[in-house]
Amino acid sequence: MNTKNIIIVGVGGQGTLLTSRILGGLAQGAGYDVKLSEVHGMAQRGGSVVTFVRYGDKVDEPIVEEGHADVIIAFERLEAMRYAHFLKKDGILIVNDYRIDPMPVVIGAAKYPEDILGTLSQQYRVYAADATSLAKEMGNPRVFNLIVLGLASRYMDFSQEEWEDVIRKTVPRSAVDINLKAFRAGKSI
Amino acid sequence: MQESVLMLGNAAIARGAYEAGVKVASAYPGTPSTEISECLVQYAQDLYCEWAPNEKVAAEVAIGANLAGVRAMACMKHVGFNVAADPAYTVSYMGVNGGLLFVVADDPGLYSSQNEQDTRMVARAAKLPVLEPADSREAKEYTKMAFELSVAYDRPFVLRTTTRLAHSQSFVALEPRVVPEDRPYSRNPAKNVMMPGNAKGRHAAVEERMRELAAAADTMPINTVEWGDTKIGVITAGIPYLYVKEALPEASVLKLGMVHPLPKGLISEFASKVEKLYIVEELDPLIEEQVRSWGISCIGKEAFTLLGEYSANMLREALLGEKTQAKPAEGAPNRPPILCPGCPHRSTYEVLRKLKIHAAGDIGCYTLGAVAPLGVVDTTVCMGSGISSLHGMEKAKGRDYIKDWVAVIGDSTFLHTGINSLLNMVYNQSTGTVLILDNSTTGMTGHQDHAATGKTLQGKTVPAVDLVELLKGMGVPWVRVVDVFDHPALSGAVKEAQDFEGVSVIIAQSPCVLLSKVKRPFYRFLPDKCKKCKACLGPGCPAITVGEDGVITSDETLCSGCGLCFGLCKFGAIELAG
């Protein structure tokens, strides 16, 4: 199989590492060669964070290049905008319809762009949901990333069983139920 | 069948050390090297690993263990290798007994560092051989191989990694641990006591060993040629090798596993068989300069940048003229890293900002106090430098010149090298104020313990260094301990310290917010009472946002309940909730 390129973007602290490890586990379970590339350290302190997942028969570089991504999973609107150009022509953009102001916006030195999703939809196949509000309704705002992953799973070639199996193995044991619930909620959006 | 596991580059290095029979490993945390030690802990039944107060100490611990006849290593980031340079340059003369490895992680692209130096250049200057893996599988294999070569050629080795390798995951096959028999110790001052007469002889030995190693490099299995189309030949190593394979799958490639010393014969032969020779290496032209010095023509830094990380797209553009059509959207504001919501440093900086104080900063999360809206930190060089540069300013211009200055330094950084700088202030009768920002951890690198937390890398509880007693013992005449969220107390202490003639130290305490396991309440904003004075926005808390309509709200998923904004609101427009 040709190498599949997935990118997860968000704000440091939103759980991009957990998400990439779930995707890595999925591809590994399906018998593919896998490479992941993560960001640790200073960038995790509320900065823009990008994580790459590549899988296929044989994977060389661990990063996804601009214009080569099959799927981008974005945990925040502005980060979706920042990385959208990494998508292939027919690539899919999954977006958590949620806004976190970066410091230049907080202090009034820059403006948060308007109608990001509308603009991106003109160029890419965009599927968005307000996973953060859904997660709050479920009583745990932190599991929004599994809701987003559930939404993304509709456009990826893995079975429900494969997804749930990996989620069980990857998240802390005490959080398996709430994460599975969140994943299923995202899948049925 | 061997079990294959998806592993971080750093985890693979730890695994390699375990399988190689390493018995002692010491390190100081530093992105992107930190996880090596954190992964080594899982093998703590079979080997000893520790956090040292700094990289020099870590390197010397490894040297000692190696002298005692076991395989030993020290791990650090590139700038940490500068701290360890003193022992590294000289143990190079001594050679090894049990086997010695320095794992040094570079940071092309500056993800989490203060410079972009190339460790290969430092290692070459110290006459230390360097291996450079490209993925996790090689990271494990090269770690093991480094110990074999270290003993065979009587050289300490450097394993050079980069952020991209350290923090990428790929498959690694697990093999059993094989511990070689400890090598006997025998007194040998000519080799192990580096004073002038002995070092003279050892220098000659070093040059001889490096010549032997260079000759052996021609046939080393980790230096390999992958023949393809001979129109383009590429010499490369490490992570850039993967970019070459991606961008130029047809090209002939000479992949170097050992980047110092270089295999002259192998390179000359490869160069003679390809039409156009490219050297693809991130950062400095280490390979290129040597290849050119042999009279071989090649294309290197005239086509590729000295800066940052490479990529396959970059190579396609430089070598094939294929420019990517993908362009980033315009108008996306930057999202630089910031202090976390509830971070005690923000509270400290809010007090310093109000007092209009400049800070000589240091290395840690609190370096972020340099950016708007806090803007308190004026300078940051390296670990420990804040205190000594403040002292330098005072000696240059006198105490009045620095009356609105302080030095700020974290607890871990203070114990790393700040302690020497403070000793100098006391000894040389400086007047100046130092704030030890004591958050009870090494924060930026992801919460590692140190001598003042009372816990070891292996999780053992030990007596913690008492900072107050330590300062007293050093002769610091004025010391106060203050809770950073008690603004009147902190503000008062800073003013009092500045009036004091002599060295004054404030231990500004509050644990890192990310360490707190207790679920804290959050603060809610009441638009009816808000006068939009924006006092709450002053410290730049990311949990507070101003909506399109000018209404200020808090994000309860981000708010940590520190109460900094609550204390700043004069109109009762912020209340405790949840």
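Chains as they are written, first to last, in this note's numbering: chain P, 1 to 189; chain B, 1001 to 1578. Note that the Cβ used here is the ideal one computed from N, Cα and C, for glycine as well.
Item, Value
"Interface positions of the region 1331-1358 of chain B facing chain P (Cβ-Cβ less than 8 Å), listed along the chain", "G1331, A1332, P1333, N1334, R1335, P1336, P1337, I1338, L1339 and C1340"
"Where K1245 (chain B) meets chain P, residues with beta-carbon distance less than 8 Å", "D60 and E61"
"Residues that H1167 (chain B) contacts on chain P, provided the C-beta gap is smaller than 8 Å", "S37, E38, V39 and H40"
"E1250 (chain B) classed as buried or exposed, judged by whether at least 16 other C-beta atoms fall within 10 angstroms", "exposed"
"Alpha carbon of L93 (chain P) to alpha carbon of A1216 (chain B), nearest angstrom", "51 Å"
"Contact under 7 Å by Cβ, G56 (chain P) with T19 (chain P)", "no"
"Neighbour flag for D101 (chain P) against chain B, beta carbons, 7 Å", "yes"
"DSSP-derived helix/strand/coil call for M1258 (chain B)", "strand"
"Neighbouring residues, chain P, relative to L1254 (chain B) (Cβ below 7 Å)", "Within 7 Å Cβ-Cβ: nothing; L1254 (chain B) doesn't reach chain P, min ~17 Å."
"Stretch pair the region 1483-1491 of chain B + the region 1516-1530 of chain B: three plus CB contacts closer than 8 Å", "no"
"Rounded straight-line distance, which links the Cα of I1063 (chain B) to that of V1482 (chain B)", "40 Å"
"Unbroken alpha helix (DSSP H) run spanning A1215 (chain B), endpoints", "P1196 to A1217"
"Min CB distance S133 (chain P) to chain B below 7 Å", "no"
"Selection from B:F1171, B:Y1093, B:A1065 and B:I1036 that minimises the alpha carbon distance to G29 (chain P)", "B:F1171"
"Beta-carbon gap between P1032 (chain B) and Q1448 (chain B) smaller than 7 Å", "no"
"8 Å contact criterion, which E1350 (chain B) and L1564 (chain B) should meet: CB distance rounded", "7 Å"
"Contact set for V143 (chain P): own chain, Cβ-Cβ below 7 Å, skip 5 residues either direction", "A135, I178, N179 and A182"
"Chain B within 7 Å of V105 (chain P), Cβ atoms only", "yes"
"Beta-carbon proximity list for S1252 (chain B), same chain, < 8 Å, skipping 5 on both sides", "V1225, E1226, W1227, G1228, D1229, T1230, I1232, G1233, V1234, F1270, K1273 and V1274"
"Whole beta strand (DSSP E) elements within the region 1473-1540 of chain B, 3-residue minimum", "1478-1483, 1503-1509 and 1522-1525"
"The region 1402-1411 of chain B in contact with the region 1043-1053 of chain B per 3-pair CB rule at 8 Å", "no"
"Residues bridged to R54 (chain P) (per DSSP)", "P:N5 and P:K35"
"Which of helix, strand or coil DSSP assigns to L1576 (chain B)", "strand"
"Proximity below 7 Å, CB of K1529 (chain B) to CB of G1572 (chain B)", "yes"
"Interface flag, E66 (chain P) vs chain B, CB-CB below 7 Å", "yes"
"Own chain partners of V1465 (chain B) with C-beta closer than 6 Å, once the 5 adjacent residues on each side are dropped", "A1451 and A1452"
"6 Å CB neighbourhood of G91 (chain P) in its chain, flanking five on each side removed", "A69 and D70"
"Residue-level contact to chain B via CB, S121 (chain P), 7 Å cutoff", "no"
"Top-ranked residue by Cα proximity to A152 (chain P), from P:M138, P:E161, P:E164 and P:Y127", "P:Y127"
"For R1160 (chain B), the residue or residues it bridges with in DSSP", "B:V1104"
"Cβ-Cβ distance between E61 (chain P) and A1326 (chain B) below 7 Å", "no"
"Buried/exposed call for V1462 (chain B), threshold 16 Cβ in 10 Å", "exposed"
"The region 1303-1317 of chain B: positions lying closer than 7 Å to chain P by Cβ", "S1311, A1312 and N1313"
"Cutoff 7 Å: M81 (chain P) Cβ touching any chain B Cβ", "yes"
"Contained alpha helix (DSSP H) runs [length at least 4] in the region 1385-1455 of chain B, N- to C-terminal order", "1385-1397 and 1419-1427"
"Cross-strand partners of Q1169 (chain B) (DSSP beta bridge)", "P:L36 and B:L1008"
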